[in-house]
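Quick look at the structure:
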């Protein structure tokens, strides 16, 4: 039932019904009571699009996702798990999540400007931040509510959440060294994303803590896909000798690494120790040997990311503590892929 039918049922003008539903003080208390009781009894549903138009809002939050060639990132468990938590938090405020994809060769900055200038959403969530990211500076300059999934040197004081990649590097290197490894390699993301720089820096610092010199030949980068991992492992095989232990940034890359190493007669978990991935996806569990990796609650991360944005939005900020800039902890899941003693 809409407002027109509700007004007809009560034999009251549409304007009076509207003011009563919106809590206006110029409505007789008895009339307001009748309107609210009838609305509840008859299942009145407000026209949200009309209300949003009048209030200058969309009641929608845009998650802007840039896909990468061959990666199909929007289908990964990472984002599917994250979206559930984001929507749960937004739903408490009557907001909905929309996902705006951009193709690998698309201009996401132009897409972002369209969203802001046409007011297609009330706020924006941005993943895959870059070291220098003009998108963040643009949103800050326009005073448009946003939160980032990832750190950046850009954007001034803005809300962000990020996985604790430094912690992952520390834990992985400590574990490798504990098994006796000194020749430790890194399979990293090849796109110019901030988290790839952070992981590399954390890995180098972790090696330095154990007095292991940085060897550039033990670092390779590729796209975060099975094919990328396959090519990356091929590069290690061609240059030789292989690292005795390898930290892989992404579990999909690890699948490709496993495949290529096995083809070459190098057995993960027997001939080379591998730790890989940050989310304990099904791929991690069903590889043979099962992949030692990290995990986190994607749902909880999504809730916190949405709340970081809500804390910046008029009408919602009062429900939250303020600016959020937090690192999300990662838990090691020990399995069989890294229990290799070099020379053993």
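In my numbering, the protein residues as written are 7 to 350. Here a beta-carbon is modelled for each residue, glycine too, at the ideal position from N, C-alpha and C. Since we're looking at a predicted model, the values are computed, not measured.
For residue 185, same chain residues with a beta-carbon under 6 Å away, outside a window of 5 residues either side, are 347 in chain order. Checking the DSSP bridge columns, you'll see residue 45 has no partner listed. Residues 115 and 160 of the same chain have their beta carbon placed closer than 8 Å to that of residue 140, with the five preceding and five following residues left out of the count.
Per DSSP, residue 209 is one residue of the alpha helix (DSSP H) stretching across 200-215. Cβ neighbours of residue 133 within its own chain (closer than 7 Å, five residues either side excluded): 71, 155 and 156. Secondary structure note for residue 9: its alpha helix (DSSP H) is the uninterrupted segment 9-16. Within its own chain, the residues whose Cβ lies closer than 7 Å to the Cβ of residue 264, once the five positions on either side in sequence are excluded, are 274 and 293, listed in chain order.
For residue 133, the enclosing beta strand (DSSP E) stretches over residues 129-133. In the three-state reduction of the DSSP assignment, residue 21 falls in the helix class, which pools H, G and I.
DSSP lists 193 as the bridge partner or partners of residue 226. Across the set 109, 228, 16 and 278, the C-alpha of 278 shows the shortest separation from the C-alpha of residue 345. Distance from the CA atom of residue 286 to the CA atom of residue 300, rounded to whole angstroms, is 6 Å. With fewer than three CB-CB distances shorter than 8 Å, the segment 324-335 does not count as touching the segment 205-212.
Using a 10 angstroms sphere on the CB of residue 298, the tally of other CB atoms reaches 16 or more, which defines it as buried. Take residue 150, set aside five residues on each side of it, and the residues of its chain with a beta-carbon closer than 6 Å to its own are 122, in chain order.
Residue 128 is a Cβ neighbour of residue 64, given a cutoff of 9 Å.
Straight-line spacing of the CA atoms in residue 296 and residue 48 works out to 56 Å.
With a 10 Å radius around the Cβ and a threshold of 16 neighbouring Cβ atoms, residue 232 comes out buried. Here residue 325 is not near residue 280, since their CB atoms are 9 Å or more apart.
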